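So the structure is just underneath, and the comments pick up after that.
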Amino acid sequence: MHRFILLAAIAATLAVSACNTVAGAGRDVSATGHAVTHTADDAKPR
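Residues 39 to 84 in the working numbering are what the sequence shown spells out, letter by letter.
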C-alpha cells in the first residue's frame, strides 16, 4: 500500500508540473480519472 501511495504522489507531482494552464490541469485530472476507472473495471471479478 505504501508503494501505491508513493507512486500516486510521484504521478501527481509529474502531472501538476507538466500542465501550464487550468485547461491542461483539467485534461490531466480527466485522464487520471479515466485511468482509475479502467483499472477498477479490470480488477472486478468476472
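Cβ atoms here follow ideal geometry from the backbone N, Cα and C, with glycine treated the same way.
None of the values given here were measured: they were computed from a predicted structure.
Residue i versus residue j: straight-line alpha-carbon distance, rounded
| i | j | result |
| --- | --- | --- |
| Thr-77 | Thr-70 | 11 Å |
| Asp-80 | Ala-46 | 18 Å |
| Thr-51 | Val-74 | 17 Å |
| Lys-82 | Ala-61 | 32 Å |
| Asp-64 | Phe-42 | What sits at residue 64 in the sequence shown is Gly, not Asp. Approximately 23 Å, taken between the alpha carbons. |
| Thr-59 | Ser-68 | 14 Å |
Beta-carbon contacts of residue i that lie in its chain and below 7 Å, excluding the five residues immediately before and after
| i | result |
| --- | --- |
| Val-54 | none |
| Leu-44 | none |
Whole alpha helix (DSSP H) elements within the segment 40-71, 4-residue minimum
Correct list: 40-56.
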